[in-house]
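Take the position in the sequence shown, starting the count at 1, then add 363; the result is the number in the numbering used here.
First comes the structure, then the notes that go with it.
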Amino acid sequence: VSVVEPTGSETHVVARTEAEEIVAVLRERHSLSPGQPIFLSPDPDQIHLFDVETGYRLN
Numbered sequence: 364v365s366v367v368e369p370t371g372s373e374t375h376v377v378a379r380t381e382a383e384e385i386v387a388v389l390r391e392r393h394s395l396s397p398g399q400p401i402f403l404s405p406d407p408d409q410i411h412l413f414d415v416e417t418g419y420r421l422n
């Protein structure tokens, strides 16, 4: 976990893998801290992918 931002009913999390940065919006509040390892198991129907160059949604 790089960044944790509670926003009322959601928690925005920025995490890094060896190759990528992932931004996740969790629909509940979570007690996460920068530096903490996490395991994400997203629902494929709820994933939104964006083009890095244009910012356009891919799916």
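All C-beta atoms in this analysis are idealised placements derived from N, C-alpha and C, irrespective of residue type, glycine included.
Whole-number beta carbon distance between residue j and residue i, since they are thought to touch under 8 Å
i	j	result
Val377	Ser396	At roughly 13 Å, the Cβ-Cβ gap does not stay under 8 Å, so Val377 and Ser396 are not in contact.
Leu403	Ala382	Not confirmed; about 15 Å, so no contact.
Leu389	Thr370	The pair is not a contact, with the Cβ atoms about 10 Å apart (cut-off 8 Å).
Residue i, enclosing beta strand (DSSP E) - first and last residue
i	result
Ile401	First-last for Ile401: undefined, no H or E at that position.
Thr370	366 to 370
Residues that residue i bridges to, as DSSP identifies them
i	result
Ile385	Ala378
Distance CB(residue i)-CB(residue j) smaller than 8 Å
i	j	result
Val364	Gly398	yes
heavy atom of the ligand ATP below 7 Å from residue i C-beta
i	result
Val388	The ligand ATP is absent from the structure shown, which contains no ligands of any kind.
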